[in-house]
């Protein structure tokens, strides 16, 4: 077989949301389980990987030289009001699901900071949202899923019973156990599409953290934004819950369940490298802190404004310019909460102030061996990739995180070492045994998997 | 796979005892390096290179036998290396200066220089390109020379092999454009190494470590051609536009 040196039809250069480390792959659209099976069985030596909307920041949804499955036309959405569940194709986005279900009084059990993720991606990365401390991850709400494994066999997996090991290896398994084609999950019943939000501006990190601990069982949704430029670690805590119908005024009640968000802007496609520099990031952090009210309760916000503010700007990842960016997200147990400040200090020292930094409390972990969340604190900071000394600083933080039993989120990772990964995911070998049963030939792989020797 | 901060995990050096290549491996960020293959004919220089890099704290440094001139062995050689795992960076650094006067007198010597520097490089370069293309990522660094920019009386046999190599590498880079695989052509001026020992120093003569730093920076930026040191680009632009009658009379 001869292959041209130049890019041929169907091949694409793929990156994660951080736009670093591209690799090329053959992208194949599949619209049925049979097509997925055929693509897996016809895979070349570089294997197969399913890719959703490409919102993982690093190299999780790309695989150089492989066949990459695009399942976006497997996007059926069926709401069963009686059972309180939604059954959706793996390619359906949470955006599409909310548009279909919110007007019928149903909300997704978990939404990450963007609606632009697919059901398959939400399961593969076992995504979490502002309600993790109460509701856990997306995977914890999945009642059943369909998986096509590395041999092209179709499995119906459930969280209990004899398929439970395969189910939990797939949840958080980063797409490496096979291709999810469909899933059924619980919904949260809602009577309005608005969120009742309490906002509080807090002047230093210790206070932010103690208030968040206090608020743990007061709110379903809570998150804090942290000013990484200010050494105090001041921040803004926003908490909320679905607003009951009674809280709406007469006009709002007329369309209580309306949901039709639109992107209000698109980032231009060419951005000079230095746009996000220390000065603009400092200005942004200052403005973001100032714009928050000192304290406000029961404000009604839209789902989009509360959960997905960045979805309002399409392609916002372009603002970091050609070098791209990464998101450093780790979790540490409550006993090591001091590492939040260590991390913020270290990032500031290397001149990597973050544009948007989010602090959140996690509840207990679920049974999935590779699922990221575990009880404690998680910090997520966006950092431009081109900063000198960033690698050494993050390696140092990785050590701290690993030493206290924490870990990094694979859906965000684009740079941890294989050693740190293996140390911080102690159930890796247990997971690998299940994966080997589902994919004995190692057909499913990704750049992330190769980089970390998963 | 390179990570988001440009840290490679694996490097293949073709011409594994080359001083410039060795300096380049040292200058590469090596926090994530786990496989460094020095491919060259067996020599004490190659053994020394393995121990030097290992003592720098670089893990997974090994040597393998490689002969640029034995082009029929190249396919199996490259396949074996890439079958064992992806290669993020390939340094194509072998080459001989040769003895210009002797080669003028004995064309067989000139053919040897041409076979190593050009034919061998074309062969292995294409095999490498095919595998980088298959894996969908990776960089090939080709060490050309300013000697290829304009043929000079004193070293035109060497210069002509570098001119050929340079043109080949540029074309290869264009063929691979947007495939995830990438070619960087480096044109060093005179570099203080074994190869140039004993020759009179030209203006802007530099050290291997300077070339190495330029290579590493250029890789990070995804550049396609670079002179080392950088300002040589302007000197060479001047020399290239000089009439032959004048150029011929320049010293050396």
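Residue numbers (our numbering), protein chains in the order written: chain A, 101 to 554; chain B, 12 to 263. Beta carbons: idealized from backbone N, C-alpha and C, even for Gly.
Asked: So, under 8 angstroms CB-CB, residue 382 (chain A) and residue 329 (chain A) are touching, yes? Tell me the CB distance rounded to an integer number of Å.; Found: 5 angstroms
Asked: Applying a beta-carbon distance threshold of less than 8 angstroms, which residues of chain B neighbour residue 164 (chain A)?; Found: 12, 97, 146, 147, 148 and 191
Asked: Spell out the partners DSSP gives residue 430 (chain A) in its beta bridges.; Found: A:479 and A:508
Asked: Assuming contact is defined by CB atoms lying nearer than 8 angstroms, are residue 159 (chain A) and residue 547 (chain A) in contact in what I supplied?; Found: yes
Asked: Quick one: give me the first and last residue of the alpha helix (DSSP H) that residue 169 (chain B) is part of.; Found: 167-186
Asked: Drop a sphere of 10 angstroms on the beta-carbon of residue 260 (chain A), count the other beta-carbons inside from all chains shown, and report buried for 16 or more, exposed for fewer.; Found: exposed
Asked: With which residues is residue 21 (chain B) paired in a DSSP beta bridge?; Found: B:46
Asked: Could you tell me how far apart the beta carbons of residue 190 (chain A) and residue 281 (chain A) are, in whole angstroms, since I believe they sit closer than 8 angstroms?; Found: 5 angstroms
Asked: For residue 257 (chain B), count the other beta carbons within 10 Å of its own beta carbon; 16 or more makes it buried, fewer makes it exposed. Which is it?; Found: exposed
Asked: Could you tell me whether the Cβ atoms of residue 147 (chain A) and residue 544 (chain A) are closer together than 8 angstroms?; Found: yes
Asked: Hey, would you say residue 250 (chain A) sits closer than 8 angstroms to residue 152 (chain A), going by beta carbons?; Found: no
Asked: Given this structure, state the Cα-to-Cα distance separating residue 17 (chain B) from residue 552 (chain A), to the nearest angstrom.; Found: 15 angstroms
Asked: Against chain A, with Cβ distances strictly below 8 angstroms, would residue 20 (chain B) count as a contact?; Found: yes
Asked: Could you tell me which chain B residues have their CB closer than 8 angstroms to the CB of residue 275 (chain A), listed as they occur along the chain?; Found: Simply none; closest approach about 16 angstroms.
Asked: Taking only runs that begin and end inside the stretch 313-357 of chain A, name each unbroken alpha helix (DSSP H) of 4 or more residues, in chain order.; Found: 350-354
Asked: Smallest Cα separation from residue 132 (chain B): which of B:104, B:145, B:52 and B:211?; Found: B:104
Asked: Compute the distance between the beta-carbons of residue 481 (chain A) and residue 517 (chain A), then report whether it is under 8 angstroms.; Found: no
Asked: Could you confirm whether any beta carbon from chain B is found closer than 8 angstroms to the beta carbon of residue 447 (chain A)?; Found: no
Asked: Here's the rule I'm using: 16 or more other beta-carbon atoms within 10 Å means buried, otherwise exposed. How should residue 194 (chain B) be labelled?; Found: buried
Asked: Quick test of the definition: if touching needs 3 or more C-beta pairs under 8 angstroms, does the stretch 432-452 of chain A touch the stretch 384-399 of chain A?; Found: no
Asked: State the Cα-Cα distance for the pair residue 101 (chain A) and residue 216 (chain B), rounded to the nearest angstrom.; Found: Residue placement at residue 101 (chain A) cannot be trusted, given a pLDDT of 45 that sits under 50; the coordinates are not used to answer.
Asked: At least one CB of chain B closer than 8 angstroms to the CB of residue 122 (chain A): is that the case?; Found: yes
Asked: Measure the CB-CB distance between residue 218 (chain A) and residue 192 (chain A) and report whether it falls below 8 angstroms.; Found: yes
Asked: Can you check DSSP and say which residues form a bridge with residue 170 (chain A)?; Found: A:129 and A:151
Asked: Should the stretch 417-437 of chain A be called in touch with the stretch 230-248 of chain A, which here means at least 3 C-beta pairs below 8 angstroms?; Found: no
Asked: May I ask you to report which of helix, strand or coil DSSP gives residue 205 (chain B)?; Found: coil
Asked: Comparing the C-beta of residue 491 (chain A) with each C-beta of chain B, is any distance below 8 angstroms?; Found: yes
Asked: Looking at C-alpha atoms only, which residue of B:228, B:53, B:143 and B:114 is the closest neighbour of residue 23 (chain B)?; Found: B:143
Asked: Within the chosen definition, does the stretch 118-125 of chain B reach the stretch 38-50 of chain B through at least 3 CB pairs nearer than 8 angstroms?; Found: no
Asked: Roughly how many angstroms separate the alpha carbons of residue 170 (chain B) and residue 111 (chain B), rounded to a whole number?; Found: 10 angstroms
Asked: For the pair the stretch 218-227 of chain B and the stretch 195-203 of chain B, tell me if three or more CB-CB distances fall below 8 angstroms.; Found: yes
Asked: From residue 234 (chain B) to residue 152 (chain B), what distance separates their C-alpha atoms?; Found: 10 angstroms
Asked: Please decide whether residue 106 (chain A) counts as near chain B, where near means a Cβ-Cβ distance under 8 angstroms.; Found: yes
Asked: Chain A partners of residue 186 (chain B), CB-CB under 7 angstroms?; Found: 105 and 106
Asked: Residue 16 (chain B) CB to nearest chain A CB: under 8 angstroms?; Found: yes
Asked: Could you check which residue in A:301, A:252, A:305 and A:243 has the C-alpha nearest to that of residue 138 (chain A)?; Found: A:252
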